[in-house]
Amino acid sequence: MSFKEILGQEKALALLKSAVLGKRMSHAYIFVGPAGVGKSKAAINFAKLLVCQDPRQAEPCDVCSSCRKAQVAGHPDIQVLSPEGQFIKIDAVREACRRLSLRGFESSRKVLIVSDGGALNDESANALLKTLEEPSADTVIIILAASLKAVVPTIASRCQKIVFSSLQESVVRDILRKDYQIAEDEALYLARISGGCMETALRFSKEKVFSYKNRLVEEWMKGDFSLSCGHESEKREVRQEAETALYLLAGWLRDILVAQTSPEAKNIINADRIDDIIHLSQRLKTEDLEGALKVVAETAADVKYNINMRVVLARLNAELKKIT
Ligand SMILES: [Zn+2]
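In structure tokens, the structure reads:
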């Protein structure tokens, strides 16, 4: 793997590379940004670069024994600290710091990656603090975090901040296709419905919302659309599923409305069903679509605020049937 495979983070990667090339390395970095935007990949590649025996232009060579070991998480001088349960355990931090204080086994550099800085509680953060304040020579600590606020301030303030930004929709689509082998149609839909947020796109992928959405849409087009909550409407998961269905449905209705004025595929979330969208946009009335969208939004709010789900979904089903 090289930095080139990390998409949409040119600024963050340029900072890291210039630090290596200019030999202005900090002893601690905090990579800040939402989940799924490339922080972990960047940390692993950066660690690999730091232990590589033959780096070229701030890229690891990928063939030396250090690179090969780093790639399979088997390099003795690269440690990764991850939470066990909710937090990173204090004993694990102490052991990692002890190893950082020793001479490198194979490399002159030693790297510690903290996979979730937000999982350092006060105790474990305190244990790490000593090493951050008085680092032994040639150690580099990389802390990953969703936001600076999530990390104990005394830790965050001692690290150089590298910001990983949210991704463009096209980048999210490419990552879903390349890294997760998701088909083109589905990848594009997930990227658009999640507004370019990789974390949401991955959650939606796991929840199989693409096929779920198409099932909902087909039922709606056949006129037998019916969202129900079964007998367990009080359960959180049932509410969440209804919220997702309403969100997908709103995307669908919004597309038909948008297609009435600008029917180009680039404006359509459900680009996989552009023909249906255009057909419906010609057949349905604007005021009916606006009315349906309003009912969906009201239902979503009712579901969120725990109003009787059976009642609000029955109303939604009846209203939506009127316009198909
Ligand atoms: Zn190498």
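Take the sequence shown: its position 287, counting from 1, is numbered 316 in our numbering, and each next residue is one higher. We put the CB at the ideal spot given by N, CA and C, even for glycine.
1) Using DSSP with H/G/I as helix, E/B as strand and the rest coil, what is E113?
2) My output table needs one value for I142: the three-state DSSP class, helix, strand or coil.
3) In or out: K178 buried (at least 16 other Cβ within 10 Å) or exposed?
4) For a test of the three-state rule: what should DSSP assign to F75, helix, strand or coil?
5) Going by C-alpha to C-alpha distance, which of V238, M227, G51 and L45 sits closest to E215?
6) Give the DSSP bridge partners of E316, in chain order.
7) List the endpoints of the continuous beta strand (DSSP E) containing F60.
8) At a threshold of 6 Å, does C93 count as lining ligand 1 (C-beta to nearest heavy atom)?
9) Return the first residue and the last residue of the beta strand (DSSP E) that K190 is part of.
10) Starting from the C-beta of A12, find all residues in its chain whose C-beta is less than 8 Å away, skip the five residues before and the five after it, and write them out in chain order.
11) Quick check: V61 and S136, are their CB atoms within less than 7 Å of each other?
12) In angstroms with no decimal places, state the Cα-to-Cα distance between P84 and F134.
13) Sort I171, K314, M250 and V267 by Cα distance to C258 and report the nearest one.
14) Please specify which runs of the alpha helix (DSSP H), each continuous and at least 4 residues long, are wholly inside the segment 274 to 318, giving them in chain order.
15) I'd like the span of the beta strand (DSSP E) that includes T353, first residue to last.
16) Verify the contact flag: C90, CB atom, against every heavy atom of ligand 1, threshold strictly below 6 Å.
17) Could you tell me the alpha carbon to alpha carbon distance between D120 and G225, rounded to whole angstroms?
18) In the DSSP assignment, find the alpha helix (DSSP H) that holds L217 and state where it starts and stops.
19) Three-state secondary structure (DSSP) at E198?
20) For ligand 1, is there any heavy atom lying closer than 6 Å to the beta carbon of C258?
21) Going along the chain, which unbroken runs of the alpha helix (DSSP H) with 4 or more residues stay wholly within the segment 81 to 128?
22) Below 6 Å, is the gap between the Cβ of C226 and the nearest heavy atom of ligand 1?
23) Going by beta carbon distance, what residues of the same chain come within less than 6 Å of L157, once the five residues before and after it are set aside?
24) Can you tell which of E113, E163, V324 and R202 has the C-alpha that lies nearest to the C-alpha of Y218?
25) Less than 7 Å between the C-beta atoms of L342 and A321, yes or no?
26) Helix, strand or coil for I172 per DSSP?
27) Can we count C22 as close to ligand 1, meaning its CB is less than 6 Å from some heavy atom?
28) Relative to the C-alpha of I35, which residue among G51, L44, N74 and P63 is closest?
29) Excluding the 5 residues preceding and the 5 following S111 in the sequence, name in chain order all residues of the same chain whose CB lies nearer than 6 Å to its CB.
Based on what the coordinates show:
1) strand
2) strand
3) exposed
4) helix
5) If we check each option's Cα against that of E215, V238 comes out closest.
6) Note: E316 sits in no beta bridge, so no partner.
7) Per DSSP, F60 belongs to the beta strand (DSSP E) from A57 to V61.
8) yes
9) Counting along the chain, the beta strand (DSSP E) containing K190 begins and ends at Q189 to V192.
10) Given that the chain is displayed from residue 30 to residue 353, the structure contains no residue 12 and the question cannot be resolved.
11) No; because the gap between Cβ atoms is not below 7 Å, this pair is not in contact.
12) 19 Å
13) Among I171, K314, M250 and V267, the Cα nearest to that of C258 belongs to V267.
14) Counting whole runs of 4 or more residues, the segment 274 to 318 contains the alpha helix (DSSP H) stretches 303 to 312.
15) Careful: T353 lies outside any beta strand (DSSP E) and carries neither H nor E.
16) yes
17) 38 Å
18) E213 to I222
19) Of the three classes helix, strand and coil, the one that applies to E198 here is helix, per DSSP.
20) Checking the Cβ of C258 against ligand 1 gives no.
21) 94 to 100
22) no
23) Within the same chain, Cβ atoms closer than 6 Å to the Cβ of L157 are found at V122, the five residues on either side in sequence being excluded.
24) R202
25) no
26) strand
27) Within the shown structure, residues of the chain are numbered from 30 to 353, placing residue 22 beyond reach of any answer.
28) I35 has its Cα closest to that of N74, out of G51, L44, N74 and P63.
29) S144
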